[in-house]
Structures are given as C-alpha cells and as structure tokens.
Amino acid sequence: MVEIIPSILVKTKEEFLNKILAVENLTERVHLDIADGIFVPNMTISGFEEVESIETSLKIEAHLMVSKPENHVIRWLETQVDSLIFHIEATQKATEIIEKAKEADRRIGVALNPETPISALAAFIDQIDFVHFMTVEPGFYGGQFVESVLDKMSDFHYFYPDKPISVDGGVNLETAPKLIQAGANTLIVGSYIWNSKDVAQAIEEIKKNV
Ligand code: DX5
Ligand code: ZN
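When the letters of the sequence shown are read in order and numbered with this note's numbering, they come out as residues 1017 to 1226.
Right, dumping it as structure tokens:
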C-alpha cells in the first residue's frame, strides 16, 4: 500500500493552520518541513510551538532540514510528533539522535540529499525505521526533480528490500509511478497538491497513478 503524505513548508503560524485544515479530513499524516536558513537557504517556522498549539487527529512527522539536528531533537521529542527525519549531511551525531528518538518511542528516518551515496547509511541502517530519499535539493516547494536518484533508490532497495523508503521532492503524476517502481512506499507531495485547484482530487489522482 502506497502512502501519499502532504508536505507543509510555511513561514507563519497562520499558513500552518490553513494547511492543516485543508488536509485534515483527507489524510492521516502530514510532513512538516523545518528549514533553519543554515543547512538550507530558506527559513520556515521553528515548528515546536506551532505543533504544540494545535489539536488535530493528524499524525505529524517533522523533516528537520537543519544544521546539527542533535541540538533540536530533544525539543522536538517534547512535542506530539510521532516521527523525526534528520539529514545525514548535517550531523556527526547520527547514532546519538537515533538513540534519543528510539528511547522516546518515535519513528526515525534518515534523509539523503540527491548527491549523497547510500553508503552514508551503512553504520546504522538497522537502527532506523525508514530512509528518506530527497529527489530535489532540500529547502523549497517546487524544486527540480533529480532523475538520477531513481537508480540510487533501486540499488538501495535491492540491498535492503525490507527497509521502508519515503521520497520527498518533485512528486507528481509523472514521477510518482517511477518512484514506486524504484521501491518507494511513501511519497511526500508538496506543490503538486498545493498548486492544484482541488486538494482532495490531487491526492486521489496521485493515488490512482501509482
Ligand atoms: C523540500 C521539502 C519537501 C517539499 C516538497 O525541501 O523537504 O518536503 O515540501 O515539495 P515539492 O513536492 O513541491 O517538491
Ligand atoms: Zn520534506
């Protein structure tokens, strides 16, 4: 079963609330993008307080596009997010982050930028719940889809057929089936959904196409 998850990448609490409301009855989970202006050249809401201030049935995963995620993880674990994704390029302390998340009973995913090789995961692949492949340079809605990630994902899926894969960036009707073919279980979708006239219909279209 393929899961389609809307992404929320916002600069204000108002935008955050609007996007939560727009998908609350259409999905079980949202993907909250957090950018710090250091690891990526964009800045979003910091996220903790916004997440803590809402009451929603949605599950929330936080995608930390931040430098030194080890300095953020404790604060995130105080919130109700059930999953955290951090970038392997952003830290020397992956094992520490994974252990903290597991102690707090959260799902943990490791993100790889398009050019980062899968060998970067080797040391702790058994400790993580899923791998998060970036198919755009991280930081923004509407990035350019990097086709070469498809081969990297297929290779990973060949070596680790049981490890769940989520994919983030440039998912649309054309790229979604290729991503599933390459082994993805979960597709994060941003601009395709938010630029459509009808959010519900856009989610359904992607589901039908995979
Ligand atoms: C990109 C973010 C993505 C983004 C996806 O850096 O991590 O989650 O919201 O947006 P689209 O689908 O427009 O590439
Ligand atoms: Zn993301």
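C-beta atoms are modelled at their ideal positions from N, C-alpha and C, and glycine is treated no differently. The model shown is predicted, which means the values in this text are computed figures rather than measured ones.
Would the C-beta of residue i count as close to the ligand DX5, meaning under 7 Å from any of its heavy atoms?
i	result
Leu1189	no
Phe1237	Absent from the model: residue 1237. The displayed extent of the chain is 1017 to 1226, so no value can be given.
Leu1203	no
Gly1063	no
Val1039	no
Ser1207	yes
Val1152	yes
Gly1159	yes
Starting from the C-beta of residue i, find all residues in its chain whose C-beta is less than 8 Å away, skip the five residues before and the five after it, and write them out in chain order.
i	result
Lys1194	Leu1166
Met1059	Lys1027, Ala1051, Asp1052 and Gly1053
I believe residue i touches residue j by the beta-carbon criterion, under 8 Å. Please report the beta-carbon distance rounded to the nearest angstrom.
i	j	result
Gly1199	Met1150	Contact flag wrong, Cβ pair sits at about 15 Å.
Asn1201	Glu1044	Contact flag wrong, Cβ pair sits at about 14 Å.
Ile1036	Leu1074	7 Å
Val1126	Phe1102	7 Å
Val1097	Ile1076	5 Å
Ile1104	Ala1078	At roughly 16 Å, the Cβ-Cβ gap does not stay under 8 Å, so Ile1104 and Ala1078 are not in contact.
Who does residue i pair with in a DSSP beta bridge?
i	result
Thr1151	DSSP output for Thr1151 lists no bridge partner at all.
Met1081	Ala1051
Ala1200	Bridge partners of Ala1200: none, in fact.
Ser1099	Glu1077 and Arg1123
Glu1115	Glu1115 is not bridged to any residue.
Ser1182	His1148 and Thr1202
Arg1045	Lys1075
Glu1019	Thr1202
Ile1024	Leu1048
Leu1128	Phe1149
Met1059	Asp1052
Kindly examine the ligand ZN and report whether one of its heavy atoms sits closer than 7 Å to the Cβ of residue i.
i	result
His1103	no
Asp1184	yes
Ala1049	It is worth fixing the name first, because residue 1049 is Asp in this sequence and not Ala. At least one heavy atom of the ligand ZN is nearer than 7 Å to the Cβ of Asp1049, so yes.
Ser1069	no
His1079	yes
Ser1023	yes
Residue i: which of the options sits nearest, CA to CA?
i	options	result
Leu1025	Asn1034, Ile1050, Ala1038 and Leu1042	Ile1050
Val1147	Phe1032, Asn1041, Leu1203 and Gly1159	Leu1203
Ile1070	Phe1175, Val1089 and Glu1031	Glu1031
Gly1206	Ser1062, Thr1111 and Gly1159	Gly1159
Phe1156	Asn1034, Leu1033, Leu1048 and Asn1041	Leu1048
Lys1118	Val1187, Asp1142 and Ile1181	Asp1142
Ile1090	Val1162, Pro1130 and Glu1112	Glu1112
Lys1029	Phe1064, Met1017, Ser1170 and Gln1108	Phe1064
Ala1138	Phe1161, Lys1224, Tyr1176 and Arg1122	Tyr1176
Ala1192	Leu1128, Glu1163, Leu1100 and Ile1134	Glu1163
Asn1129	Ser1182, Tyr1174, Glu1153 and Gln1197	Glu1153
Ile1124	Ile1181, Asp1145 and Asn1188	Asp1145
Ordered along the chain, which non-local residues of its own chain (more than five positions away) have a Cβ less than 7 Å from that of residue i?
i	result
Ala1218	Tyr1208, Ile1209 and Ser1212
Val1039	Pro1022, Val1046 and Val1215
Leu1042	Val1215, Ala1216 and Ile1219
Ala1106	Phe1055, Val1082, Ser1083, Lys1084 and Pro1085
Ser1170	Ala1198 and Gly1199
Spatial neighbours of residue i within its chain, please: C-beta separation below 6 Å, excluding the five flanking residues on both sides.
i	result
Leu1093	Ala1120
Lys1116	Val1089
Phe1172	Ile1134
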